[in-house]
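Written as structure tokens, this is what we have:
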């Protein structure tokens, strides 16, 4: 009886988690190398225009990623023409080099906060553009090729607020 109850709880929690997911997509980099000029573009539509949502940027890295942080530039283009540009910094590893992302083996996936309680008040097609803004300390010019990032994606979930 108790075992059946636990199985039921797990089943309900899995269903409730999947119901909050609204959109998700990934793009792979070029064999784990993300070129400076490579802008990863994600388009989405048919989002509830009243409810609040949370947006995440999902990044998969392998052990060849040589940094403990990641700088990104994002552009969120609204259907009406408005564009919101952000420069973001995310911590990818602890000071001892332990990856913060989850996963088994050499690939770790980090779910990074992007927008909290955002309302997509316009109907139509939204576009999220993501590029990296990594550079070595003391260098003005950005890295031409960023190694170790295998995939970049986004996720939209319903907010609990």
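Numbering (my numbering), first residue to last: -6 to 154. Just so you know, even glycine gets a beta-carbon here, dropped at the ideal spot from N, CA and C. Predicted, not measured: the structure shown is a model, and the values here were computed from it.
query                                                                                                  : result
Residue burial classification, residue 148 (beta-carbon count within 10 angstroms, cutoff 16)          : buried
Touch test, the region 108 to 116 against the region 50 to 59, Cβ-Cβ under 8 Å, three pairs minimum    : no
Stretch-stretch touch, CB-based, cutoff 8 Å, three pairs: the region 36 to 44 with the region 73 to 93 : no
Residues near residue 135 in its chain [Cβ-Cβ closer than 7 Å; skip 5 each side]                       : 29, 126, 127 and 128
Residues near residue 5 by beta carbon distance below 7 Å, same chain, minus five either side          : Because residue 5 carries a pLDDT of 43, less than 50, the predicted location of this residue cannot be relied on, and no value is offered for it.
Pair within 8 Å by beta-carbon distance, residue 35 and residue 143                                    : no
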